[in-house]
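Asker: One structure, pasted below without further comment.
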Amino acid sequence: MSEVLRFGVSIESDLLESFDQLVARQGYATRSESLRDLIRDALVRSRLEGQDVAGEVLGTLTLVYDHHAHELMDQMAELQHQHHGLVVSVLHVHINHDDCMEVIVLRGRTGEVRTLADGLLSLKGVKHGKLFVTLAARHITEHTASRRAHAHAAAPPTRLRRKAAGQSGRPKK
Ligand code: NI
Numbered sequence: 004m005s006e007v008l009r010f011g012v013s014i015e016s017d018l019l020e021s022f023d024q025l026v027a028r029q030g031y032a033t034r035s036e037s038l039r040d041l042i043r044d045a046l047v048r049s050r051l052e053g054q055d056v057a058g059e060v061l062g063t064l065t066l067v068y069d070h071h072a073h074e075l076m077d078q079m080a081e082l083q084h085q086h087h088g089l090v091v092s093v094l095h096v097h098i099n100h101d102d103c104m105e106v107i108v109l110r111g112r113t114g115e116v117r118t119l120a121d122g123l124l125s126l127k128g129v130k131h132g133k134l135f136v137t138l139a140a141r142h143i144t145e146h147t148a149s150r151r152a153h154a155h156a157a158a159p160p161t162r163l164r165r166k167a168a169g170q171s172g173r174p175k176k
């Protein structure tokens, strides 16, 4: 395990107060542990965005939108039909009198999945939304293995080294 360092952070008091309330609500023992998880999550997301993923990515896009915006629903359906190969499944929930939520399961090349998600998120009438992208664990392993093979041709088998290093294919939650 790496050396633990302390560092100072300048932050507005109301922002810190809200963060501390969040930390308490989520059940973290300390502010530091919560911050570490936030940093890890950002790093994982950054890596997913940056790497050239050879295989497909899996995504869930959650959208909350105005039920009365009928033009929006037509646009959403049209976009999904244009990219039907990426859309695995759609869950629609009537949240209340005014709002709908859709969870769209996507599967495909990372650029295509993100482009479709951006197209849906940017439609007028979508009040909030987020794309969550992940990889099948074996695709993460394949990518890591091929990079290591280039860098360390004489090293022991990847599976053994990964185990020895205590790495798992999934980020800590
Ligand atoms: Ni609805």
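The numbering of the sequence shown is my numbering, which starts it at 4 and goes up by one. Backbone N, C-alpha and C define an ideal beta-carbon position, used for all residues, glycine too.
How long is the line joining the alpha carbons of F10 and G114, rounded to whole angstroms?
Answerer: Numbered from 1 along the sequence shown, position 7 holds the residue referred to as residue 10. Numbered from 1 along the sequence shown, position 111 holds the residue referred to as residue 114. Cα to Cα, the separation comes out at about 36 Å.
Asker: Throw me the rounded Cβ distance for the G122 and L64 pair, which I believe falls under 8 Å.
Answerer: Working through the sequence shown from its first residue, we reach residue 122 at position 119. Working through the sequence shown from its first residue, we reach residue 64 at position 61. About 10 Å; that fails the 8 Å criterion.
Asker: Does the structure place the stretch 100–119 close enough to the stretch 14–32 that three or more beta carbon pairs sit under 8 Å?
Answerer: The stretch 14–32 vs the stretch 100–119: no contact.
Asker: So, at 6 Å on beta carbons, what are the nonlocal neighbours of V136 in its own chain, with the 5 sequence-adjacent residues on each side left out?
Answerer: Here the question's residue 136 lines up with position 133 in the sequence shown. Here the set comprises L51, V60 and G62.
Asker: Report the residue ranges of all beta strand (DSSP E) runs contained in full by the stretch 86–113; include only those spanning at least 3 residues, in chain order.
Answerer: Correct list: 90–97 and 102–111.
Asker: Is it buried or exposed, V191, if we count other Cβ atoms within 10 angstroms and call 16 or more buried?
Answerer: What the structure shows of the chain is the stretch from 4 to 176, and residue 191 is not part of that stretch, so it cannot be assessed.
Asker: Tell me the rounded alpha-carbon separation between I14 and E81.
Answerer: Numbered from 1 along the sequence shown, position 11 holds the residue referred to as residue 14. Numbered from 1 along the sequence shown, position 78 holds the residue referred to as residue 81. Cα to Cα, the separation comes out at about 44 Å.
Asker: Between which residues of its own chain and A72 is the CB-CB distance below 6 Å, once the five residues before and five after are set aside?
Answerer: Taking the sequence shown and counting its residues from 1, the one referred to as residue 72 is at position 69. Cβ within range, chain order: G128.
Asker: If contacts are defined as beta-carbon pairs under 8 Å, then V116 and V91 qualify, I think. What distance do you get, rounded to the angstrom?
Answerer: Residue numbering aside, residue 116 sits at position 113 when the sequence shown is read from its first letter. Residue numbering aside, residue 91 sits at position 88 when the sequence shown is read from its first letter. In fact, because the Cβ distance is near 11 Å, the residues do not count as touching under 8 Å.
Asker: Any idea if A120 is buried or exposed, counting beta-carbon neighbours within 10 angstroms, 16 or more meaning buried?
Answerer: For this step, residue 120 is matched to residue 117 along the sequence shown. It is buried - the Cβ of A120 has at least 16 other Cβ atoms within 10 Å.
Asker: Please give me, in chain order, every unbroken run of the beta strand (DSSP E) with length at least 3 that falls completely inside the stretch 53–82.
Answerer: The qualifying runs are 60–69.
Asker: Out of R110, N99 and D69, which has the shortest C-alpha to C-alpha gap to L89?
Answerer: Translated into the one-based positions of the sequence shown, residue 89 becomes position 86. Out of R110, N99 and D69, R110 has the C-alpha closest to the C-alpha of L89.
Asker: Please determine, among N99, S5 and Q85, the residue with the shortest C-alpha to C-alpha distance to V67.
Answerer: What you label residue 67 is simply residue 64 of the sequence shown in a count that begins at 1. Out of N99, S5 and Q85, N99 has the C-alpha closest to the C-alpha of V67.
Asker: Could you check what DSSP says for T118 in three-state terms: helix, strand or coil?
Answerer: By 1-based counting over the sequence shown, the position of residue 118 is 115. T118 falls in the helix class under three-state DSSP.
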